[in-house]
Each structure stands twice: as structure tokens, then as C-alpha cells.
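Please read the structure below before turning to the comments.
2 protein chains.
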Amino acid sequence: MRIARINTASGTRHAVERAGSWHHIVDPFEAPLRFTGGTTPAGEAELLAPVAPAVVVGIGHNLTLNDHPLPIQAWHKSVHTVAGPGDRIVAARGRGTVNVEGELAVVIGKQAADLTAENALDHVLGYTCVNDVTNVDQNAVDERNFQGKAGVNYTPLGPWIETALPDPERAGIGVFVNGVPKANSGTFNLPSSVVDCLVYVTSWLTLEPGDVVMTGAPGTAVPVEPGDRVDIVVEGVGTLASAVG
Amino acid sequence: MRIARINTASGTRHAVERAGSWHHIVDPFEAPLRFTGGTTPAGEAELLAPVAPAVVVGIGHNLTLNDHPLPIQAWHKSVHTVAGPGDRIVAARGRGTVNVEGELAVVIGKQAADLTAENALDHVLGYTCVNDVTNVDQNAVDERNFQGKAGVNYTPLGPWIETALPDPERAGIGVFVNGVPKANSGTFNLPSSVVDCLVYVTSWLTLEPGDVVMTGAPGTAVPVEPGDRVDIVVEGVGTLASAVG
Numbered sequence: 001m002r003i004a005r006i007n008t009a010s011g012t013r014h015a016v017e018r019a020g021s022w023h024h025i026v027d028p029f030e031a032p033l034r035f036t037g038g039t040t041p042a043g044e045a046e047l048l049a050p051v052a053p054a055v056v057v058g059i060g061h062n063l064t065l066n067d068h069p070l071p072i073q074a075w076h077k078s079v080h081t082v083a084g085p086g087d088r089i090v091a092a093r094g095r096g097t098v099n100v101e102g103e104l105a106v107v108i109g110k111q112a113a114d115l116t117a118e119n120a121l122d123h124v125l126g127y128t129c130v131n132d133v134t135n136v137d138q139n140a141v142d143e144r145n146f147q148g149k150a151g152v153n154y155t156p157l158g159p160w161i162e163t164a165l166p167d168p169e170r171a172g173i174g175v176f177v178n179g180v181p182k183a184n185s186g187t188f189n190l191p192s193s194v195v196d197c198l199v200y201v202t203s204w205l206t207l208e209p210g211d212v213v214m215t216g217a218p219g220t221a222v223p224v225e226p227g228d229r230v231d232i233v234v235e236g237v238g239t240l241a242s243a244v245g
Numbered sequence: 001m002r003i004a005r006i007n008t009a010s011g012t013r014h015a016v017e018r019a020g021s022w023h024h025i026v027d028p029f030e031a032p033l034r035f036t037g038g039t040t041p042a043g044e045a046e047l048l049a050p051v052a053p054a055v056v057v058g059i060g061h062n063l064t065l066n067d068h069p070l071p072i073q074a075w076h077k078s079v080h081t082v083a084g085p086g087d088r089i090v091a092a093r094g095r096g097t098v099n100v101e102g103e104l105a106v107v108i109g110k111q112a113a114d115l116t117a118e119n120a121l122d123h124v125l126g127y128t129c130v131n132d133v134t135n136v137d138q139n140a141v142d143e144r145n146f147q148g149k150a151g152v153n154y155t156p157l158g159p160w161i162e163t164a165l166p167d168p169e170r171a172g173i174g175v176f177v178n179g180v181p182k183a184n185s186g187t188f189n190l191p192s193s194v195v196d197c198l199v200y201v202t203s204w205l206t207l208e209p210g211d212v213v214m215t216g217a218p219g220t221a222v223p224v225e226p227g228d229r230v231d232i233v234v235e236g237v238g239t240l241a242s243a244v245g
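Heads up: the sequence lines are chains A and B, in that order.
Each residue of the first sequence is one higher than the one before, counting from 1 in full-length UniProt numbering.
Each residue of the second sequence is one higher than the one before, counting from 1 in full-length UniProt numbering.
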């Protein structure tokens with residue numbers, strides 16, 4: 001099932017896709033879902049970031065993909081950076097290379113503390129694509145990941161939440177710039193599994209419904225320039241498109 | 001002027017203190033303030049964290065107070081850690097020493113990007129006390145400040161916002177544990193000034209009304225244990241009390 005967040009005549013609504021329309025719902029985090037009766041034709045829906053998270057956590061994978069001596073880490077990214085499909089990433093000027101990073105994002109469905117490998121996925125509402133835009137040269141001088149990760153629209157999310165991804169540990173991830181494939185990998189290349197990320201994060205921080213965990217870029221960081229169009233494709237989820245300006 | 005956030009019969013409200021009562025207002029970020037006509041006697045008011053920030057930024061002062069070779073840095077603390085006056089800090093067990101850190105917190109009043117030394121304070125609504133609780137031993141193994149800063153009620157804020165602090169660069173800060181003075185310092189001991197913190201943070205991240213910048217602990221970190229009572233006193237603002245459990 002796909003859950004999106006869209007603009008409607010009565011304000012911002014979550015909605016479920018059925019037969020070419022988005023059917024408005026009251027609350028994506030309740031079960032069973034309640035439908036308001038309102039619908040928006042898919043072709044007319046303006047898709048927003050599918051959640052408005054209170055917390056966005058990124059994962060620093062420090063094992064096989066680089067030479068960093070530390071184990072898995074996490075860090076917070078400002079929620080002010082969250083953007084929707086189609087929003088323009090404002091690439092910082094004069095601050096080094098701007099990378100897009102294609103990642104699988106986990107959307108938490110219920111309060112999650114001290115998750116285990118056995119119950120972690122039970123706390124997930126679903127999955128979406130995230131583009132963890134980064135001023136990558138700043139990471140060398142800013143070990144806190146602040147300077148590299150705080151730009152305007154630096155966290156495009158979307159296009160929707162897929163609640164039925166068959167196996168989040170085996171989701172292919174592609175990055176396209178101006179339609180040209182630039183990276184082709186998947187969560188199977190992450191040093192720590194998606195489940196391990198959730199277990200680690202919730203061993204320190206209690207997550208709440210709507211929070212987002214960006215599971216890291218498995219070799220999916222690609223430099224971009226103003227004028228580029230970027231597509232992040234997560235297999236089984238969809239395509240998240242952004243302009244770079 | 002003191003602006004608090006309190007529980008009322010009609011829900012959570014901001015309020016202004018006058019003559020022993022809290023006078024309810026519509027929105028602390030608008031000028032002039034609009035009063036609803038409702039009041040709560042000061043003795044009956046349950047004070048909450050005086051804002052519900054979307055972003056809480058901490059400052060890493062890396063100049064004279066330690067031997068770190070890097071300049072000023074910033075990092076995000078989870079908003080899930082924000083607590084009100086009197087809330088119980090859940091000190092992590094088995095994860096090393098738990099420090100309280102008494103700091104001056106800046107509450108942003110209007111959107112703030114690329115602030116300058118000249119205009120920075122024009123974007124401030126006011127000041128409150130913050131206790132940046134930290135599992136300090138984790139910082140040695142977690143350069144992202146995630147493991148040390150994510151515990152339950154690890155960011156007590158309050159008791160109110162003081163909009164008329166005469167000079168935020170010269171605010172004394174005291175830390176008391178069980179009534180005993182344990183640290184006595186002030187913002188005048190910070191390696192970077194309060195204004196410099198705001199200039200630095202907004203050179204990378206656009207802050208919004210209600211966001212909080214914790215300006216750092218000028219030698220005001222004190223270890224605590226379950227059962228302790230902690231008071232953070234910021235001269236000209238007030239006293240923020242917390243239990244440690």
C-alpha cells in the first residue's frame with residue numbers, strides 16, 4: 001500500500017492510492033485506517049514529503065565502505081531540510097562539492113525504544129526514498145555532520161510511503177542525474193543491516209511515529225551541479241525526483 | 001517580560017506574567033502580543049518547556065576550554081529529549097557518567113539566516129535556562145554527539161523565556177546539586193560569544209521561530225546520580241529545577 005501526503009482543498013492530508021486516485025485518510029499511524037471519503041485523482045495530486053518528522057536520523061556506516069575506525073554511528077539532520085518531490089535543492093555555493101546520496105528511509109509507525117532484531121520491523125510504518133544531500137567537503141572539517149547537512153531542501157523525501165516492501169534488506173537503489181545512471185547499489189551493500197540500524201538508534205533514542213531513519217548511502221553518493229535533475233529510485237518503493245538549483 | 005508555556009483548561013497556552021498571574025496570549029512570536037483574556041494564578045500554573053522547538057542546536061566550543069584542535073561546531077539534539085521544569089531526567093545506567101550542563105539557551109523569534117554580529121540579537125525572542133544532560137563518557141567513542149545526548153528528558157528547558165535579559169554575553173550561570181553550589185560561571189567564559197554562536201549556526205542552517213540554540217557549558221558540567229535534585233540558575237532569567245531518576 002502506498003501512503004502519500006498531499007495538498008487538498010481542506011489542507012494537507014495523508015491519502016492511500018487505489019485505482020488511480022488518492023483516498024484521503026485521517027491518520028496514517030492508526031489501524032485500521034479511517035477514510036474521510038475525499039479523493040484526489042492521481043494526476044492532480046501534489047505530493048509532499050510523505051511525513052513531517054520530528055526527528056530525522058542519519059546513519060554513519062563506518063565498517064567496510066570507508067577506512068573509519070569507529071563502529072556504526074548516528075546523527076541528527078535538521079527537520080528544516082525536509083523537502084517534497086520536485087522541490088528544488090538549493091546547492092550551497094563556495095562550500096565544496098555537493099553530493100546527492102540515494103538511500104532507503106524508514107518511517108517509524110509506533111513508538112520504538114530498545115528494539116531487537118526480532119521486533120524492529122514491527123515498529124515500521126513503511127519505507128520511502130530519501131536524498132541525503134551533503135556538502136561533502138565539509139565532513140573533513142566538521143565531525144558533527146552539521147555544516148555538510150543543513151542546506152535548504154537538503155532532505156528530499158518521497159514520493160510516498162510503501163508499507164509492503166517485500167525485503168528492506170534487499171532493496172536496489174539507483175541514482176540518476178539528468179536521466180543518466182550514476183550509481184546502482186542497494187541496501188544489501190550497507191555495512192550494517194536496516195534492522196541493525198533501527199536496533200542501534202533505538203538503543204539510545206526513543207523514536208516516535210513519523211520519525212525517519214535514513215539508512216545510509218551504499219555507494220550511492222554522486223556529485224551534482226545547479227541545473228541538474230536527480231532521480232533516486234528505490235526498488236519496490238518508487239522514484240524521488242528533485243531539481244538542483 | 002517573562003513568557004511561559006502552561007497547561008490551561010483550554011489546552012497548552014503561552015502566557016505573560018503580570019502582577020502574580022500568567023495572562024494567556026495567542027502567539028508568543030507575534031508583535032504586538034494578543035491576550036486571550038484568560039489568566040492563571042502564578043501559584044497554580046504548571047510550567048512546561050517554554051517552547052516546543054522544531055530544532056535544538058548545541059554548540060561545540062573547541063577553543064580554550066579543551067584541547068580540541070577544531071573551531072566552533074554545532075550539532076543537533078533530538079527534540080524528543082526536551083523536558084519541562086520539574087520533569088525527571090532519566091539518567092542512563094551502565095553507560096558511564098551522567099553530567100548535567102548549565103547553559104544559556106537562545107529562543108529564536110523570527111526566521112534567521114546568515115545573521116551578522118550587528119543583527120543577530122534582533123532575531124531573538126528571549127532567553128531561557130537549559131540543562132544539556134550528557135552521557136559524557138560516550139563522547140569519546142561517538143564523535144557525532146548522538147549516544148551522549150539522546151536520553152529521556154535530557155534537555156530540560158525553562159522555567160520561562162525572559163525577553164529583556166540586559167546582556168546575554170554577561171549572564172552568570174550556576175549549577176546546584178541538592179542545594180549545594182557545584183559550578184559558578186557565565187556566558188562571559190564561553191570561547192565564542194552568544195552572538196558568534198548565532199552567526200555561525202545561521203551561516204549554515206536557517207533557524208525558525210521557536211528554535212533553540214544551546215550556547216554551551218562554560219565550565220558548568222557537573223556529574224549527578226539518581227536521587228539528585230539539580231538547579232540551573234541563569235542570572236537575569238531564573239531557576240530551572242529537575243529531579244534525576
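Note that the Cβ used here is the ideal one computed from N, Cα and C, for glycine as well.
- Beta-bridge annotation (DSSP): His-14 of chain A is paired with A:Arg-5 and A:Ile-25.
- With distances taken between CA atoms, Glu-225 of chain B lies nearest to B:Thr-97 out of B:Gln-111, B:Phe-176, B:Leu-207 and B:Thr-97.
- For Ala-112 of chain B, there are no neighbours in chain A by C-beta distance under 7 Å, as the nearest C-beta there is about 11 Å away.
- Pairing Tyr-200 of chain A with Ile-72 of chain A gives a Cβ-Cβ distance under 9 Å.
- Distances from the CA of Asp-114 of chain B to each of B:Asn-135, B:Ser-21 and B:Trp-204 were compared; the closest alpha carbon is that of B:Trp-204.
- Close to Glu-143 of chain A, with beta-carbon spacing below 8 Å, are these residues of chain B in chain order: Leu-70, Gln-73, Glu-143 and Arg-144.
- Distance from the CA of His-76 of chain A to the CA of Lys-77 of chain B, rounded to the nearest whole angstrom, comes to 7 Å.
- Residue contact check for His-80 of chain B against chain A: a CB pair falls below 9 Å.
- For Val-244 of chain A, the enclosing beta strand (DSSP E) begins and ends at 238-244.
- Taking 9 Å as the threshold, the shortest C-beta distance from His-123 of chain A to chain B does not fall below it.
- The beta carbon of Ala-112 of chain A sits closer than 6 Å to the beta carbons of His-123, Thr-202 and Leu-207 from its chain, once the five residues preceding and following it are set aside; these are given in chain order.
- Interface annotation for the segment 38-57 of chain B against chain A: Ala-54 and Val-55, criterion Cβ-Cβ distance under 7 Å.
- Rounded to the nearest angstrom, the Cβ distance from Ala-83 of chain A to Asn-153 of chain A is 4 Å, consistent with a contact under 8 Å.
- Apart from sequence neighbours up to five positions away, the residues of its chain that approach Leu-48 of chain B with a beta-carbon distance below 6 Å are Arg-5 and Gly-84, ordered along the chain.
- Under the DSSP definition of a beta bridge, Leu-104 of chain A partners with A:Cys-129.
- In this structure, DSSP gives Gln-73 of chain A an extended state, which the three-state scheme calls strand.
- Distance from Leu-125 of chain A to Pro-28 of chain A at the Cβ level is roughly 7 Å; contact confirmed, criterion being Cβ atoms closer than 8 Å.
- Cβ proximity to chain B below 9 Å picks out Leu-207, Glu-208 and Asp-211 from the segment 207-234 of chain A.
- Not a single C-beta of chain A is nearer than 9 Å to the C-beta of Val-107 of chain B.
- Residue pairing by DSSP leaves Pro-168 of chain A without any beta bridge partner.
- No Cβ-Cβ contact shorter than 9 Å links Gln-147 of chain B with Arg-93 of chain B.
- Residues of chain B with a Cβ closer than 8 Å to the Cβ of Val-152 of chain A are, in chain order, Thr-206.
- In the structure shown, the three-state DSSP call for Phe-176 of chain A is strand.
- Just so you know, the alpha carbons of Trp-160 of chain A and Ala-91 of chain A end up roughly 24 Å apart.
- Flagged as an interface residue toward chain B: Gly-60 of chain A, by a C-beta distance shorter than 9 Å.
- If you check the CB distance, Val-130 of chain A and Leu-104 of chain A come in under 9 Å.
- Under the Cβ criterion of 9 Å, Lys-77 of chain B is counted among the residues facing chain A.
- Assigned with DSSP and collapsed to three states, Leu-115 of chain A falls in coil, not helix or strand.
- Annotated three-state conformation of Ser-192 of chain A is coil, per DSSP.
- Taking the Cβ atoms as the reference, Pro-50 of chain A lies roughly 18 Å from Ile-89 of chain A, outside the contact range of under 8 Å.
- For Asn-178 of chain B, the CB contacts under 8 Å within the same chain, skipping 5 residues up- and downstream, are Asp-228 and Arg-229 in chain order.
- Among the bridge pairs identified by DSSP, Val-234 of chain A is matched with A:Ile-173 and A:Gly-238.
- Cβ-Cβ distances below 6 Å link Gly-38 of chain B to His-24 in the same chain, with the five nearest sequence neighbours on each side left out; the list follows chain order.
- For Ala-171 of chain B against Gly-238 of chain B, the beta-carbon gap comes to about 11 Å, at or over 8 Å, which does not count as contact.
- Nearest to Lys-149 of chain B by C-alpha distance, out of B:Trp-22, B:Thr-12, B:Val-57 and B:Lys-182, is B:Val-57.
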